[in-house]
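J.:
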Amino acid sequence: ETGVTQTPRHLVMGMTNKKSLKCEQHLGHNAMYWYKQSAKKPLELMFVYSLEERVENNSVPSRFSPECPNSSHLFLHLHTLQPEDSALYLCASSQDLAAHEQFFGPGTRLTVL
Amino acid sequence: GENVEQHPSTLSVQEGDSAVIKCTYSDSASNYFPWYKQELGKRPQLIIDIRSNVGEKKDQRIAVTLNKTAKHFSLHITETQPEDSAVYFCAATQGGTGTALIFGKGTTLSVSS
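Taken in sequence, the protein lines are chains A and B. Here the first sequence is numbered in our numbering, starting from 1 and rising by one per residue. Here the second sequence is numbered in our numbering, starting from 1001 and rising by one per residue.
#1: Go through the stretch 1050-1099 of chain B residue by residue and report every complete run of the beta strand (DSSP E) that reaches 3 residues or more, in order.
#2: Counting along the chain, where does the beta strand (DSSP E) carrying residue 92 of chain A start and finish?
#3: Under 8 Å by Cβ, that's how I've got residue 106 of chain A and residue 1106 of chain B pegged, so tell me the actual separation to the nearest angstrom.
#4: Tell me, please, which residues DSSP counts as bridged to residue 58 of chain A.
#5: Starting from residue 1053 of chain B, find everything on chain A with Cβ-Cβ shorter than 8 Å and list it in chain order.
#6: Alpha carbons only, please: which of A:22, A:31, A:89 is nearest the one belonging to residue 56 of chain A?
#7: When burial is assigned at 16 or more other CB atoms within 10 Å of the CB, is residue 18 of chain A buried or exposed?
#8: Nearest-angstrom Cα distance between residue 88 of chain A and residue 108 of chain A?
#9: For residue 83 of chain A, does the count of other Cβ atoms within 10 angstroms reach 16, so buried, or fall short, so exposed?
#10: Give me the subset of the stretch 36-70 of chain A whose CB atoms are less than 9 Å from a CB atom of chain B, sorted by chain position.
#11: So which of B:1002, B:1063, B:1039, B:1080 has the shortest CA-CA distance to residue 1050 of chain B?
#12: Residues bridged to residue 1110 of chain B by DSSP?
#13: Please confirm if residue 95 of chain A has its CB atom under 8 Å from at least one CB of chain B.
#14: By how many angstroms is the C-alpha of residue 1077 of chain B removed from the C-alpha of residue 1056 of chain B?
#15: Using a beta-carbon distance below 8 Å, is residue 106 of chain A in contact with chain B?
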């Protein structure tokens, strides 16, 4: 598969659950990103990775934990989330940091009960 | 840090009319300004971008203008069509090093036939 893929596409979890979101890019890019998209605050940047190193953590609560094992994969580990964390979580990648086109994945629609 | 303001939040036009969306940014070191289109239920996709050394860029019916002195940039869509209906996001790099893109809150464009 080409481009940026995300799994799962939909996720429903309780506040005590632990789950992980996965993102994979097949474009040979060096930078990867996590965004949160909700009705109230569209496209909030959460984390930025460049060559597997985190370069930006945009004041995200510790119940969200990113992991970038290599330049093609990015995970977002979720633990003890709140209902207000329900949103669309988008992954993106770009050739290098920021001043390049970002290619988005289809997103994971997360619902926290 | 960078702050991007986008106006209007909603815009309704008749098919064939022009549409203009405006954004302002706060960080004078920002050097890359992309525009993304997000159709309902789909991922954001880049439609046009401009760098700080250029004042205007055009691609068929879409154009972007940049005024660095005033720190604002605009998206112009001419001869609008129903398939232009979507949410449009502007963005600016966070500082000159550009580790991240900061997005505006989006404009919902509706084109009626």
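Glycine included, each C-beta is placed from N, C-alpha and C at the ideal position.
T.: For this structure:
#1: 1056-1059, 1062-1067, 1072-1077, 1086-1093
#2: On the first sequence, residue 92 of chain A is found 92 positions in, with the first residue counted as 1. 87-94 is the span of the beta strand (DSSP E), which, as asked, contains residue 92 of chain A.
#3: Against the first sequence, residue 106 of chain A aligns to sequence position 106. Against the second sequence, residue 1106 of chain B aligns to sequence position 106. Incorrect: roughly 18 Å between the Cβ atoms, too far for contact.
#4: Counting from one through the first sequence, the residue named residue 58 of chain A turns up at place 58. In the DSSP output, where bridge partners are listed per residue, residue 58 of chain A has none listed.
#5: As a working mapping, residue 1053 of chain B is identified with position 53 in the second sequence. Within chain A, no residue comes near residue 1053 of chain B; the closest Cβ sits about 12 Å away, beyond 8 Å.
#6: Stepping through the first sequence from its first residue, residue 56 of chain A is reached at position 56. Looking at the Cα atoms, A:31 is the closest of the given residues.
#7: The count along the first sequence starts at 1 and reaches residue 18 of chain A at position 18. Flag for residue 18 of chain A reads exposed.
#8: Mapped onto the first sequence, residue 88 of chain A falls at position 88. Mapped onto the first sequence, residue 108 of chain A falls at position 108. Distance between the alpha carbons of residue 88 of chain A and residue 108 of chain A is about 6 Å.
#9: Translated into the one-based positions of the first sequence, residue 83 of chain A becomes position 83. The residue in question, residue 83 of chain A, is exposed, as its Cβ has fewer than 16 Cβ neighbours within 10 Å.
#10: 37, 41, 42, 43, 44, 45, 48, 50, 55, 56, 58
#11: Sequence index remark: in the second sequence, residue 1050 of chain B carries index 50 (1-based). The shortest C-alpha separation from residue 1050 of chain B is found at B:1063.
#12: Taking the first residue of the second sequence as 1, we reach residue 1110 of chain B at position 110. Beta-bridge pairing links residue 1110 of chain B to B:1012.
#13: As a first step, residue 95 of chain A must be located in the first sequence, where it is residue number 95. It does not; no Cβ of chain B falls within 8 Å.
#14: Taking the second sequence and counting its residues from 1, the one referred to as residue 1056 of chain B is at position 56. Taking the second sequence and counting its residues from 1, the one referred to as residue 1077 of chain B is at position 77. Looking at the two C-alpha atoms, the distance is approximately 13 Å.
#15: Stepping through the first sequence from its first residue, residue 106 of chain A is reached at position 106. By this cut-off, residue 106 of chain A is an interface position.
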